[in-house]
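There are 2 protein chains.
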Amino acid sequence: MNDAPPRRKFRREGEERRRQDLIEATLDCVAEYGLEGATVRAIARRAGVTAGLIRHYFPNKEELLQATYATIVGRMTEQAKAALAMDNASPRRRLAAFVEANLTPPVIDARIFSLWAGFIGRATHDPALAAAHRVGYLGFRDELEALVAEVLAAEDQVADKAQTRAHAIAINGILDGLWIEGCLADDLFGPRELAGIAISTVEALLRLKPEREETP
Amino acid sequence: MNDAPPRRKFRREGEERRRQDLIEATLDCVAEYGLEGATVRAIARRAGVTAGLIRHYFPNKEELLQATYATIVGRMTEQAKAALAMDNASPRRRLAAFVEANLTPPVIDARIFSLWAGFIGRATHDPALAAAHRVGYLGFRDELEALVAEVLAAEDQVADKAQTRAHAIAINGILDGLWIEGCLADDLFGPRELAGIAISTVEALLRLKPEREETP
DNA sequence: ACGCTATTTATACACTTGCATAACAACGCC
DNA sequence: GGCGTTGTTATGCAAGTGTATAAATAGCGT
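Going down the list, the protein sequences come from chains D and U. Straight run, no breaks: the first sequence in the numbering used here ends on number 222. Straight run, no breaks: the second sequence in the numbering used here ends on number 222.
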């Protein structure tokens with residue numbers, strides 16, 4: 007008569023490890039089924055735990071989603087900044103590396119895009135998200151603006167402040183736009199085609215000399 | 007003892023009219039609460055009908071959403087193409103007008119963006135939406151490619167096919183990227199600033215002569 | 001003026017969702 | 001090795017979801 011189902015075995019994990027696992031599971035779910043498919047049960051199944059556990063690490067689902075969003079934003083900016091760290095290279099090369107880093111995997115990634123779209127769509131109604139986006143955007147643009155100023159200085163161009171700002175806005179737009187297309191339809195482009203197009207465009211915008219003229 | 011609630015009065019509408027009303031109501035709901043807020047009941051309430059009626063015009067909710075998406079895609083491309091209709095102007099001016107049309111109201115609009123974001127997030131996993139996006143994108147890009155070819159021809163530049171394609175991809179990216187920023191944070195930019203930046207960038211990309219040189 | 005029929009309402013159903021709670025067991029500590 | 005802490009499971013619930021179905025009525029053809 008003992009038809010009581012055997013209780014599931016489990017292991018205790020470290021707090022940080024579990025949180026990270028849950029976030030990763032959320033990313034997987036969003037990638038596969040979209041934001042709407044990222045239910046607590048689906049996430050838990052993916053993470054190999056039961057649904058209730060989520061509430062033990064996050065006060066509610068919303069916070070898990072925000073933590074997930076913060077994770078990918080951090081991951082992306084980290085990738086981009088890594089490209090800036092090449093201190094020995096010329097400003098022009100660093101700009102090119104920066105552009106390329108933003109338009110190749112792992113930044114070009116359908117999973118990330120799916121999550122980004124889900125969140126950014128909410129930014130219109132959710133002031134907190136709108137503010138988060140703004141901070142990230144302006145930070146990114148400032149970085150870009152500094153880089154542009156360096157490049158122009160190295161090329162002996164007058165770096166008008168307004169002009170530099172405009173350039174940064176434009177480059178940021180190019181990166182955003184091509185990033186989207188790359189995430190949505192990478193099969194339409196060659197492996198490094200988007201990066202190449204972006205670099206050409208940026209160099210034309212900054213009126214850099216067209217070809218290899220590093221050492222006159 | 008007659009506590010039977012009085013049945014709601016209603017009017018019969020023409021089929022096409024009702025379908026359009028339901029689509030419009032869906033647009034409102036998505037714009038206001040996001041895709042997740044566009045439930046059949048919310049949509050029906052918005053349209054001033056009861057939920058069951060939706061199923062009388064659409065076999066299921068999914069089809070209503072697809073019809074809605076098709077509607078906004080059509081509306082956006084229609085707006086953009088209208089700017090191309092200035093037949094008497096020079097290719098260069100028409101390109102500038104096209105760019106400007108895509109980066110000023112009513113194309114720059116938080117509501118439209120909200121809709122776009124909601125749907126595009128699904129396009130990663132929903133094949134039907136992905137296909138819809140792709141035809142829209144490629145159609146837009148083809149239009150752009152033809153325009154670029156005209157401009158280059160008028161400027162006596164050799165119009166390499168691959169180069170023209172690359173230019174169109176780049177311009178499309180610029181438009182997308184700046185469109186997003188404009189929709190999300192129009193207060194960060196002057197009224198026509200984004201359009202101006204985009205036009206400058208495009209002209210630099212196509213290596214057009216910098217200033218007013220229309221009549222040498 | 002009166003039915004006919006298709007549009008519209010009303011109600012119900014099966015299912016999913018996020019969240020709350022209680023029982024349980026893995027693991028560190030003495 | 002027993003024990004307490006707490007990470008983890010199991011179960012339940014109320015609200016909301018899309019959909020199915022039947023009843024009602026608006027408005028047209030006659």
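Backbone N, C-alpha and C define an ideal beta-carbon position, used for all residues, glycine too.
Would you say residue i faces chain D, with C-beta separation under 9 Å as the test?
| i | result |
| --- | --- |
| Ile-114(U) | no |
| Leu-178(U) | It should be pointed out that residue 178(U) corresponds to Asn in this sequence rather than to Leu. Yes, Asn-178(U) lies at the interface with chain D (some Cβ there is under 9 Å from its Cβ). |
| Phe-16(U) | no |
| Gly-124(U) | yes |
| Phe-64(U) | no |
| Ala-159(U) | no |
| Ile-186(U) | yes |
| Leu-200(U) | yes |
| Thr-83(U) | no |
| Leu-33(U) | no |
| Phe-104(U) | no |
| Thr-74(U) | no |
| Leu-71(U) | no |
| Thr-56(U) | no |
| Arg-24(U) | no |
| Pro-222(U) | Here the model assigns Pro-222(U) a pLDDT of 42, short of 50, so the residue's position is not dependable, and the following value carries that caveat. No, no contact with chain D. |
| Ile-203(U) | yes |
| Arg-51(U) | no |
| Leu-194(U) | yes |
| Asp-166(U) | no |
| Arg-13(U) | no |
| Asp-148(U) | no |
| Asp-27(U) | no |
| Asp-162(U) | no |
| Arg-61(U) | no |
| Asp-132(U) | yes |
| Arg-117(U) | yes |
Skipping 5 residues on each side, what residues in its chain have a beta carbon closer than 7 Å to that of residue i?
| i | result |
| --- | --- |
| Tyr-75(U) | Phe-125, Leu-135 and Ala-138 |
| Ala-129(D) | Leu-135, Ala-136 and His-139 |
| Asp-192(U) | Ile-114 |
| Thr-77(D) | Ile-29 |
| Ala-44(U) | Thr-32, Cys-35 and Val-36 |
| Met-92(U) | Arg-100 and Ala-103 |
Which residues in the same chain as residue i place their Cβ atom closer than 6 Å to its Cβ, once the five residues preceding and following it in sequence are excluded?
| i | result |
| --- | --- |
| Arg-147(U) | Ala-174 and Asn-178 |
| Ala-160(D) | Pro-97 |
| Ile-186(U) | none |
| Ala-201(D) | Glu-106, Leu-109 and Thr-110 |
| Ile-118(U) | none |
| Val-154(D) | Thr-170, His-173 and Ala-174 |
| Ala-116(D) | Cys-189 |
| Leu-184(D) | Leu-109, Leu-200 and Ala-204 |
| Glu-220(U) | In this prediction, Glu-220(U) has a pLDDT of 46, which is less than 50 and means its spatial position is unreliable; nothing more can be read from the coordinates. |
Cβ of residue i less than 9 Å from any chain U Cβ?
| i | result |
| --- | --- |
| Tyr-143(D) | yes |
| Ser-206(D) | yes |
| Ala-37(D) | yes |
| Ser-96(D) | no |
| Ile-78(D) | no |
| Glu-156(D) | no |
| Arg-47(D) | no |
| Glu-21(D) | no |
| Ala-172(D) | yes |
| Asp-182(D) | yes |
| Glu-42(D) | yes |
| Arg-140(D) | yes |
| Ile-175(D) | yes |
| Ala-129(D) | yes |
| Arg-213(D) | yes |
| Leu-232(D) | Any question about residue 232(D) goes unanswered here, given that chain D covers just 7 to 222. |
| Ala-136(D) | yes |
| Glu-219(D) | Low confidence applies to Glu-219(D): its pLDDT is 46, below 50, so where it sits in the model is not reliable, and the reading given next is rough at best. Judged by the 9 Å Cβ criterion, Glu-219(D) is not in contact with chain U. |
| Leu-153(D) | no |
| Ala-191(D) | yes |
| Ala-210(D) | yes |
Residue i: beta carbon under 8 Å from a heavy atom of the ligand FAD?
| i | result |
| --- | --- |
| Trp-185(U) | With respect to small molecules bound, the structure shown includes none, and the ligand FAD cannot be examined in it. |
Within the same chain, show all residues whose beta-carbon is closer than 8 Å to that of residue i, passing over the 5 residues directly before and after it, in chain order.
| i | result |
| --- | --- |
| Gln-26(D) | none |
| Leu-121(D) | Leu-33, Val-36, Ala-37, Leu-41, Thr-74, Tyr-75 and Ile-78 |
| Leu-211(U) | His-173, Ala-176 and Ile-177 |
| Gly-127(U) | Leu-41 |
| Arg-13(U) | none |
Determine, using beta-carbon pairs with one atom in the stretch 194-208 of chain D and one in the stretch 104-118 of chain D, whether at least three such pairs fall under 8 Å. Under the 8 Å Cβ criterion, the stretch 194-208 of chain D counts as touching the stretch 104-118 of chain D, having at least three qualifying pairs.
For the pair the stretch 24-39 of chain U and the stretch 50-59 of chain U, tell me if three or more CB-CB distances fall below 8 Å. yes
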